Amino acid sequence: MPESLAATVPRQYPVAVLVEYQVIHNNRWVDGRWTVTGVVAGKQPAEPGVRCQLVHSGDEMRQYLWSGLSIELHADDAESYYCNLMSDNPGVFVVCNEAQDETLQPAIVTLSYGEAASYMETDQRVERAAIPADVYRWLEQYVLANYVPEKRKKRKRDDWKEGDRERR
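For reference, each letter of the sequence shown is one residue, going 9 to 176 in this note's numbering.
Now the structure itself:
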């Protein structure tokens with residue numbers, strides 16, 4: 009891809025995360041469950057910082073919209089982004105913190121399998137959500153501009169056989 013395309017694709021994309029609390033009945037250990045139900049492509053709020061807003065409340069569930077978050081892309085993760093796009097079900101990974109009152113708070117939003125896996129290895133809670141169409145197109149442009157697959161190298165079996173003969 010031309011360098012001009014790489015320069016025109018922004019490295020950050022503003023998003024909001026929809027978090028839901030569902031009441032669980034007939035369970036003596038837990039009262040409810042927190043989950044990330046979606047990611048919404050959007051605009052950054054006028055004032056910086058992450059904000060939480062109750063958007064729906066009922067007897068059995070509550071939904072909160074966390075705005076002020078963004079996805080940032082890094083050139084060294086281009087292969088991971090490519091794998092995400094090529095998967096059967098591309099997704100957005102939301103790294104969450106759990107507050108003292110067990111509220112789920114989104115902290116980081118990423119499109120990289122590698123970054124999500126590294127957080128999971130440290131026992132951080134990572135939720136997966138469907139990728140919004142606008143974010144998918146943005147990521148696709150970034151990958152086209154920044155990712156060049158490595159050429160596969162064929163092994164030379166003759167070298168291996170010669171090394172094996174020398175050891176005998």
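From the three backbone atoms N, C-alpha and C, an ideal C-beta is built for every residue, glycine too. Computed from a prediction, not measured in an experiment: that's the story for all the values here.
- Query: Can you tell me whether tryptophan 37 is buried or exposed, with buried defined as 16 or more other CB within 10 angstroms of its CB?
  - Reply: Here the question's residue 37 lines up with position 29 in the sequence shown. Answer is exposed; the Cβ neighbour count stays below 16.
Original post:
Nearest-angstrom Cα distance between threonine 1 and arginine 70?
Top reply: Here the chain covers residues 9 to 176 and nothing more, so residue 1 does not appear.
Flag glutamate 123 as yes when its Cβ comes closer than 8 Å to any non-hydrogen atom of the ligand FMN, and as no otherwise.
Looking at this structure, you won't find the ligand FMN or any other ligand, since it has none at all.
Same chain only: Cβ atoms within 7 Å of isoleucine 116, ignoring 5 sequence neighbours per side | Taking the first residue of the sequence shown as position 1, residue 116 is located at position 108. Taken in chain order, the residues that qualify are Val103.
**Report entry** glutamate 123 versus alanine 153: straight-line alpha-carbon distance, rounded
**Finding:** Translated into the one-based positions of the sequence shown, residue 123 becomes position 115. Translated into the one-based positions of the sequence shown, residue 153 becomes position 145. Taking the straight line from one Cα to the other gives about 21 Å.
**Prompt:** Can you list the alpha helix (DSSP H) stretches of 4 or more residues lying completely in the region 115 to 163, in chain order?
**Reply:** 121 to 129, 141 to 154
Among Arg160, Lys162, Val156, which residue has its Cα nearest to the Cα of alanine 86? The residue you call residue 86 lines up with position 78 of the sequence shown. Residue Val156 is the option with its Cα nearest to alanine 86.
Best match in Asp96, Leu81, Ser120 for proximity to tyrosine 150 [C-alpha to C-alpha]: As a working note, residue 150 is residue 142 in the sequence shown. When each option's Cα is compared against that of tyrosine 150, the closest is Leu81.
Notebook entry, point to check: For glycine 119 versus tyrosine 72, is the C-beta distance shorter than 9 Å?
Noted result: To locate residue 119, count along the sequence shown from 1; it is residue 111. To locate residue 72, count along the sequence shown from 1; it is residue 64. The sequence shown places leucine at residue 119, not glycine. Not in contact: leucine 119 and tyrosine 72 (Cβ atoms no closer than 9 Å).
**Prompt:** Using a Cβ-Cβ cut-off of 8 Å (strictly less than) and excluding sequence neighbours within five positions of histidine 33, which residues of its own chain qualify?
**Reply:** Along the sequence shown, one-based indexing puts residue 33 at 25. Here the set comprises nothing.
Return the chain-ordered list of same chain residues with a C-beta closer than 6 Å to the C-beta of arginine 160, the five sequence neighbours on each side being excluded.
-> Numbered from 1 along the sequence shown, position 152 holds the residue referred to as residue 160. For arginine 160, where only same-chain residues beyond five positions count, there are no Cβ hits under 6 Å.
Can you name the start and end residues of the alpha helix (DSSP H) that asparagine 105 belongs to? Numbered from its first residue, the sequence shown carries residue 105 at position 97. Asparagine 105 -> not in any alpha helix (DSSP H); beta strand (DSSP E) instead, spanning 99 to 106.
* Paired residues, beta bridge with serine 75 - DSSP -> Locating residue 75 in the sequence shown gives position 67, counting from the first residue. Looking at the DSSP assignment, serine 75 forms a beta bridge with Arg59.
| query | What residue from Thr45, Tyr144, Ser78 has the CA that sits closest to cysteine 91's CA? | reply | Indexing the sequence shown from 1 puts residue 91 at position 83. That would be Tyr144, whose Cα lies nearest to the Cα of cysteine 91.
**Prompt:** So is serine 88 buried or exposed if we call it buried at 16+ other beta carbons inside 10 Å?
**Reply:** As a working note, residue 88 is residue 80 in the sequence shown. So serine 88 counts as buried.
> How is threonine 111 classed by DSSP in three states: helix, strand or coil?
Replying inline: Numbered from its first residue, the sequence shown carries residue 111 at position 103. Here threonine 111 sits in coil by DSSP.
task = Give me whichever residues DSSP pairs with alanine 49 in a beta bridge.
result = Along the sequence shown, read from residue 1 onward, the residue named residue 49 stands at position 41. Val23.
Item to complete: Would you mind giving the Cβ-Cβ distance between cysteine 60 and tryptophan 42, rounded to the nearest angstrom? I have them listed as a contact below 8 Å.
Response: Numbered from its first residue, the sequence shown carries residue 60 at position 52. Numbered from its first residue, the sequence shown carries residue 42 at position 34. Cysteine 60 to tryptophan 42, Cβ: 13 Å. No contact.
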